[in-house]
Amino acid sequence: MYRYDEFDAQIVKERVAQFRGQVERRLSGELLEDEFKPLRLQNGVYLQLHAYMLRVAIPYGQLSARQMRMLARIAREYDRNYGHFTTRQNIQFNWVALKDIPDVLALLAEVEMHAIQTSGNCIRNTTSDHYAGAARDEIMDPRPWCEIIRQWSTFHPEFAFLPRKFKIAVTGAAHDRAAIRVHDIGLHMRERDGLRGFEVHVGGGQGRTPHIAALVNEFVPEDRLLDYLEAIMRVYNLHGRRDNKYKARIKILVNELGEEEFTRQVEAEFAAQRSHEKIDLPQAEIDRIHAYFAPPELATKPDTSDAFEAAKASDKVFARWARTNLHPHVTPGYTSVTVSLKPIGGLAGDATDAQMEIIANLAETYGQDDIRVSHAQNIILAHVALDDLPALHAELDAAGLATPNESLITDLIVCPGLDYCNLANARSIPVGQAVQQVFADPDYQEDIGRLHINISGCINACGHHHVGHIGILGVDKKGEEFYQITFGGRADEKAAIGDIAGPGLKSEDVPGALKRVVDRYRELRSGKDELFIDTLGRIGHDPFKEALYAAD
Amino acid sequence: MPLIKNGAEIDDIWAYVDGEAELSEGGCFTVPLARFLAEASTLAERNTQVGVRLAPDDDAALLEPYLQQIQLIEIAFPKYTDGRGFSQAQLLRRRFGYEGELRAVGHVLRDQLFYMNRSGIDAYETSRAALSEVVDALKEYSEVYQPAAGGRVPVFRKRHGN
């Protein structure tokens with residue numbers, strides 16, 4: 001993984017000093033809250049329902065054990081012994097005192113971490129495939145370019161006060177696990193005539209007006225990528241709407257101009273760049289950054305493991321987990337392991353300080369010191385030998401981290417909702433827990449197969465409800481919470497926004513209604529390997545709408 | 001309002017004239033872009049300088065033909081959070097090679113100054129940051145990751161010895 005050199009370390013150190021000064025000026029009253037707000041926001045500090053919240057960047061979701069231990073320490077010393085992993089591969093601490101935040105940032109800097117641009121109207125943490133550099137279906141590793149984008153976008157002087165926040169995602173596999181088509185810019189790595197480059201999608205997003213991104217350029221060679229991003233950003237900075245914050249995202253600009261005109265403007269700006277304006281990253285710098293992401297040196301192993309096969313044969317619990325929580329690795333004899341942060345009845349994405357310490361230890365013992373955070377709010381150990389799985393599973397299980405539900409119906413994406421967030425209209429967490437309870441039986445979950453349920457407590461869609469195979473959106477109607485159900489959303493290479501099924505349901509009716517929908521799917525599917533989303537695509541939404549509202 | 005340039009507080013000899021009000025003889029004025037463009041030929045005949053104030057939605061590229069004759073362009077930041085002025089400044093400095101004064105006016109706070117400076121703005125009209133704070137703010141970061149108008153060498157060049 002990437003390691004800071006003296007330049008990176010200096011910049012992060014100076015950020016800590018700068019933010020310490022800003023906090024002092026705020027606490028002394030020199031800065032008004034309105035003036036402090038954009039400053040704290042560019043450093044991941046939100047004023048939430050109960051306290052300040054600190055969002056820490058985990059660039060493209062990758063962590064070392066040492067970094068995970070520091071997150072555990074911060075959870076223990078400055079929060080209430082837990083942290084919340086987010087859908088943008090970051091971590092949030094919900095109970096940090098403002099006066100302590102400069103000290104927390106100083107601790108983070110010790111382990112090459114920061115909270116720079118984790119909120120505010122600027123370019124946010126670049127996200128990626130959580131199996132990057134490990135997945136068998138990967139064509140190119142997106143992380144080096146994520147890091148290049150991280151550095152380019154950090155304190156970019158032109159793009160710190162954009163009309164609205166800006167999110168970039170990069171993937172390097174055919175199957176898109178980074179949801180690039182619902183990002184402001186989505187980059188899909190491509191190869192053409194021996195050159196590496198990027199397919200560029202712009203203007204995707206969720207929130208109150210969801211859009212699938214427009215394909216703006218089929219191939220931008222990698223050495224022109226940053227120039228092309230600058231062209232997009234400048235068009236957006238100058239022409240994005242600033243009169244209404246709900247219409248300020250780039251998706252609205254793309255939509256109002258039309259894809260063709262937006263693309264023309266970007267291409268015109270790109271063509272107008274004079275040679276001295278080009279970023280012209282030296283090849284030596286591109287190579288330097290790539291070198292940090294060289295594959296780990298893994299001992300040669302056969303494709304199968306006797307220890308693994310024996311454990312599957314003798315231990316049903318282990319066998320189930322091995323069926324659900326592993327992902328094919330590029331190296332024979334290895335796998336990527338999902339550490340589920342979705343125990344039944346738990347809080348999606350939450351981990352205690354003790355769990356973080358355990359994950360750090362396991363990553364060192366079994367996982368090449370390489371930890372990932374997925375946008376589905378789970379943790380991944382990217383490189384684990386099949387031989388080590390029985391021992392790893394036993395330790396995860398003892399820590400409550402072996403729930404066998406990766407991508408199954410109980411692996412919900414859930415926003416914090418009205419329990420924590422001051423934007424929310426409705427609670428998300430208890431609804432998610434109630435849905436999990438209905439589907440808790442692991443045999444039932446496995447029979448249902450891959451099915452993504454995503455829950456948001458308001459239209460801002462932090463819980464990604466628009467792209468859930470089944471989406472749940474909490475709304476407030478005259479002081480009462482209702483939940484709107486959508487069908488057919490997906491975030492992958494076939495990205496689609498779900499369709500609203502009909503009137504909202506009361507919270508207590510949601511689990512039963514979803515169970516009817518799922519059981520209807522089990523009756524109607526062509527076979528056990530037809531996923532819910534595919535049955536929906538084949539026969540339409542009507543039978544499922546009927547099931548949703550067919551109260552007993 | 002205090003005007004800071006090159007690490008010192010300086011006297012402001014310029015006045016901004018909004019709308020169509022007559023420009024008196026002998027003074028240095030800035031006018032809105034639309035007026036500047038409409039009256040460019042008559043303004044050029046004056047004995048004293050006329051500069052331009054850009055509003056956030058003005059197209060800075062329209063000034064390209066006049067940049068040799070302009071000594072002051074003011075970039076208005078009516079709201080702290082409106083970042084269009086940063087793009088205007090980069091365009092004027094880097095694409096069009098403007099070499100006169102580029103002055104930030106309006107809601108100019110200490111914590112924008114570093115970005116303004118890196119965008120090519122070299123004068124700051126502000127009542128919200130004392131001289132010493134402006135000087136400090138411009139030094140907050142000793143390294144930068146990307147090329148911009150200020151001309152500082154980005155770390156990706158320093159790393160490879162140029």
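Chains A and B are the protein sequences, given in the same order. If you're matching positions, the first sequence starts at 1 in UniProt numbering and goes up one per residue. If you're matching positions, the second sequence starts at 1 in UniProt numbering and goes up one per residue. All residues carry an ideal CB built from backbone N, CA and C; glycine is no exception.
request  = Would you verify that the beta carbon of residue 639 of chain A is, or is not, closer than 7 Å to some beta carbon of chain B?
outcome  = The structure shown has nothing for residue 639 of chain A, since chain A only spans 1 to 552.
request  = Pick out whichever of A/Tyr334, A/Arg66, A/Glu285, A/Ala272 has its Cα sitting closest to the Cα of A/Phe308.
outcome  = Locating residue 308 of chain A in the first sequence gives position 308, counting from the first residue. Nearest C-alpha to A/Phe308 among A/Tyr334, A/Arg66, A/Glu285, A/Ala272: A/Tyr334.
ask   = Would A/Pro59 count as contacting chain B if we go by Cβ distances under 7 Å?
value = Locating residue 59 of chain A in the first sequence gives position 59, counting from the first residue. So no, A/Pro59 is outside the interface.
inquiry  = Is there a C-beta anywhere in chain A that falls below 7 Å from the one on B/Glu22?
reply    = Indexing the second sequence from 1 puts residue 22 of chain B at position 22. No, its Cβ sits nowhere closer than 7 Å to a Cβ of chain A.
Contact list for the segment 265-283 of chain A against chain B, Cβ threshold 9 Å = Taking 9 Å as the Cβ-Cβ cut-off against chain B, the residues of the segment 265-283 of chain A that qualify are Ala272, Gln273, Arg274, His276, Glu277, Lys278, Ile279, Asp280, Leu281, Pro282.
request  = Give me the Cα-Cα distance between A/Asn425 and A/Gly432, rounded to the nearest whole angstrom.
outcome  = Translated into the one-based positions of the first sequence, residue 425 of chain A becomes position 425. Translated into the one-based positions of the first sequence, residue 432 of chain A becomes position 432. Answer to the nearest angstrom: the Cα atoms are 15 Å apart.
Run of the alpha helix (DSSP H) containing A/Glu357, from where it starts to where it stops = As a working mapping, residue 357 of chain A is identified with position 357 in the first sequence. First-last of the alpha helix (DSSP H) with A/Glu357: 353-366.
inquiry  = Measuring alpha carbon to alpha carbon, tell me which residue in A/Tyr4, A/Thr127, A/Val45 is nearest A/Phe166.
reply    = By 1-based counting over the first sequence, the position of residue 166 of chain A is 166. Checking every option, the nearest Cα to that of A/Phe166 belongs to A/Thr127.
ask   = Would you say B/Gln49 faces chain A, with C-beta separation under 7 Å as the test?
value = Here the question's residue 49 of chain B lines up with position 49 in the second sequence. The beta carbon of B/Gln49 does not come within 7 Å of any beta carbon belonging to chain A, so the residue lies off that interface.
message = Are the CB atoms of A/Pro142 and A/Ala132 within a distance shorter than 7 Å?
response = The residue you call residue 132 of chain A lines up with position 132 of the first sequence. The residue you call residue 142 of chain A lines up with position 142 of the first sequence. Yes, they are a contact pair.
Range of the contiguous beta strand (DSSP E) that encloses B/Pro32 = Counting from one through the second sequence, the residue named residue 32 of chain B turns up at place 32. B/Pro32 -> beta strand (DSSP E) spans 28-32.
Proximal chain B residues relative to A/Arg242, where beta-carbon distance stays under 7 Å = Residue numbering aside, residue 242 of chain A sits at position 242 when the first sequence is read from its first letter. Going along chain B in sequence order, the residues near A/Arg242 (Cβ under 7 Å) are Asp82.
query = Got a sec: is the Cβ-Cβ distance from A/Arg26 to anything in chain B below 7 Å?
reply = Counted from its first residue, the first sequence places residue 26 of chain A at position 26. Answer no: the Cβ-Cβ gap between A/Arg26 and chain B never drops below 7 Å.
request  = Check whether the Cβ of B/Asp122 lies closer than 7 Å to any Cβ atom in chain A.
outcome  = Taking the first residue of the second sequence as position 1, residue 122 of chain B is located at position 122. Taking Cβ atoms only, chain A never reaches closer than 7 Å to B/Asp122, which makes this a no.
message = Taking DSSP's pairing of strands, which residues face B/Glu101 in a bridge?
response = To locate residue 101 of chain B, count along the second sequence from 1; it is residue 101. Answer by DSSP bridge pairing, in chain order: B/Leu72.
request  = Drop a sphere of 10 angstroms on the beta-carbon of A/Ile470, count the other beta-carbons inside from all chains shown, and report buried for 16 or more, exposed for fewer.
outcome  = Reading the first sequence from its first residue, position 470 is the one you call residue 470 of chain A. By the neighbour-count rule (16 or more Cβ atoms within 10 Å), A/Ile470 is buried.
message = Once the 5 residues before and after A/Gly417 are set aside, which same chain residues still bring their CB inside 6 Å of it?
response = Locating residue 417 of chain A in the first sequence gives position 417, counting from the first residue. Excluding sequence neighbours, A/Gly417 sits near Ala424, Arg427, Ser428, Ile429, Gly457.
task = Measuring alpha carbon to alpha carbon, tell me which of A/Val337, A/Glu33, A/Phe439, A/Leu105 ends up nearest A/His130.
result = Within the first sequence, numbered from 1, the residue matching residue 130 of chain A stands at position 130. By alpha-carbon distance to A/His130, the top candidate from A/Val337, A/Glu33, A/Phe439, A/Leu105 is A/Val337.
task = Scan the segment 349-370 of chain A for residues whose Cβ lies nearer than 8 Å to a Cβ of chain B and list them as they occur along the chain.
result = none
ask   = Since A/Tyr483 and A/Leu451 are thought to touch, with beta carbons under 8 Å apart, how far apart are those beta carbons, to the nearest angstrom?
value = Reading the first sequence from its first residue, position 483 is the one you call residue 483 of chain A. Reading the first sequence from its first residue, position 451 is the one you call residue 451 of chain A. Contact flag wrong, Cβ pair sits at about 17 Å.
key: Beta-carbon proximity check, A/Ala496 vs A/Lys545, cutoff 7 Å   = Position 496 of the first sequence, counting from 1, holds the residue named residue 496 of chain A. Position 545 of the first sequence, counting from 1, holds the residue named residue 545 of chain A. Cβ atoms of A/Ala496 and A/Lys545: not closer than 7 Å.
message = Would A/Gly197 and A/Pro221 be called neighbours here (beta carbons separated by less than 7 Å)?
response = Mapped onto the first sequence, residue 197 of chain A falls at position 197. Mapped onto the first sequence, residue 221 of chain A falls at position 221. Against a cut-off of 7 Å, the Cβ pair of A/Pro221 and A/Gly197 comes out as a contact.
request  = Would you mind reading off the limits of the alpha helix (DSSP H) that contains A/Tyr78?
outcome  = Counting from 1 along the first sequence, the entry for residue 78 of chain A is found at position 78. Per DSSP, A/Tyr78 belongs to the alpha helix (DSSP H) from 65-78.
request  = Can you tell me which of A/Phe36, A/Asp519, A/Gly203 puts its alpha carbon nearest to the alpha carbon of A/Pro543?
outcome  = As a working note, residue 543 of chain A is residue 543 in the first sequence. Nearest C-alpha to A/Pro543: A/Asp519.
ask   = How about the segment 189-205 of chain A and the segment 118-125 of chain B: do they share at least three Cβ pairs that are nearer than 8 Å?
value = no
query = When DSSP labels each residue in this structure, what does B/Gly106 get in the three-state scheme?
reply = What you label residue 106 of chain B is simply residue 106 of the second sequence in a count that begins at 1. Of the three classes helix, strand and coil, the one that applies to B/Gly106 here is strand, per DSSP.
inquiry  = Looking at A/Trp95: is its Cβ nearer than 7 Å to the Cβ of A/Arg76?
reply    = Residue numbering aside, residue 95 of chain A sits at position 95 when the first sequence is read from its first letter. Residue numbering aside, residue 76 of chain A sits at position 76 when the first sequence is read from its first letter. It is not a contact, given that the beta carbons lie outside the stated cut-off.
task = Establish whether the CB of residue 633 of chain A and some CB of chain B are separated by less than 7 Å.
result = Since the first and last residues shown for chain A are 1 and 552, residue 633 of chain A lies out of range.
ask   = Can A/Asn43 and A/Phe159 be called in contact, C-beta distance under 7 Å?
value = If you number the first sequence from 1, residue 43 of chain A lands on position 43. If you number the first sequence from 1, residue 159 of chain A lands on position 159. The answer is no: Cβ separation not under 7 Å.
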